[in-house]
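K.L.:
Numbering (this note's numbering), first residue to last: 614 to 860.
My questions will all concern the structure given below.
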């Protein structure tokens, strides 16, 4: 499999951090697909400026559709531009750009694999996020019948684009996306490579912006796990039939 990677950065109203993230990524990887998910005037203006300066290939969604919708748009755009892999990274600056080469190297060595970051948090992480994360990890282990995925929620990852585009057709459009696409890609046969990476949460005074909606997104994630657990049970029950028809 060939290897021509780009970075994929979904953004929604990150005017204070987006330039820093784009310029930091470009120090390691020049090709960037930047998806503006319906930002307001200030955020949109910052994104458009990066496009005019040739620092990123900008794709604009006219209406905010959620992180998953933005990443799906970016996956399609990256594949249309001829890239084979997309390194997804958040626009708020919480991910460690020093790990870019390590993640790209893992993808280069395992081009069919989904490379997933699992976070090493510092004291900035909100306690509620940690609790919710542990619940999701528990359900993901049931859905995948094991521990192949260390953490399905970290937005720092590398997708093989063909497999990711196929799997993304069946996923939700908001914060549940990162979880669901990881599980579905594993079900589809993609090997999983898990890599630790430092994650820091920034306060509002540092330009940090959270688009996680405590009630709505937790409901969506719960419904996502309901779907995936149900499908996992059906897959398990159909396993004897699949073995029978292979004979």
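Think of the CB as a built atom: it goes at the ideal place given N, C-alpha and C, for glycine as much as any other residue.
Would you please state the rounded distance, in angstroms, between the beta carbons of residue 795 and residue 726? I believe it to be under 8 Å.
P.N.:
Not really, about 12 Å apart at Cβ, beyond 8 Å.
K.L.:
Would you check if the segment 759–778 and the segment 665–675 touch, i.e. whether three or more CB-CB distances between them fall below 8 Å?
P.N.:
Using a C-beta cut-off of 8 Å, the segment 665–675 makes no contact with the segment 759–778, since fewer than three inter-stretch Cβ pairs fall below that distance.
K.L.:
Using 8 Å for Cβ pairs, my map puts residue 685 next to residue 781. What's the rounded Cβ distance?
P.N.:
5 Å
K.L.:
Taking 8 Å as the threshold (C-beta atoms), are residue 790 and residue 708 in contact?
P.N.:
no
K.L.:
Comparing alpha-carbon positions, which option in 837, 807, 618, 735 lies nearest residue 813?
P.N.:
735
K.L.:
Starting from residue 753, trace the alpha helix (DSSP H) in both directions and tell me its first and last residue.
P.N.:
740–757
K.L.:
Quick check on residue 644: does DSSP put it in helix, strand or coil?
P.N.:
coil
K.L.:
Excluding five sequence neighbours on each side, which residues of the same chain lie with their C-beta closer than 6 Å to the C-beta of residue 860?
P.N.:
A caution first: residue 860 carries a pLDDT of 48, below 50, which makes its placement in the model too unreliable to give a value.
K.L.:
Rounded to whole angstroms, what is the Cα-Cα separation between residue 629 and residue 811?
P.N.:
21 Å
K.L.:
Would you call the segment 742–750 and the segment 694–709 touching, i.e. three or more CB-CB distances under 8 Å?
P.N.:
no
K.L.:
Under 8 Å, do residue 646 and residue 652 count as touching if we go by C-beta distance?
P.N.:
Taking 8 Å as the Cβ cut-off, residue 646 and residue 652 do not qualify as a contacting pair.
K.L.:
Looking at the secondary structure, which residues open and close the beta strand (DSSP E) in which residue 806 lies?
P.N.:
Run containing residue 806: 805–812, per the beta strand (DSSP E) assignment.
K.L.:
For residue 769, which of helix, strand or coil comes out of DSSP?
P.N.:
If DSSP states are grouped into helix, strand and coil, residue 769 belongs with coil.
K.L.:
Using a 10 Å radius around the Cβ and a threshold of 16 neighbouring Cβ atoms, would you call residue 783 buried or exposed?
P.N.:
That one is exposed.
K.L.:
Which term fits residue 701, buried or exposed, when burial requires 16 or more other beta carbons within 10 angstroms of its beta carbon?
P.N.:
buried
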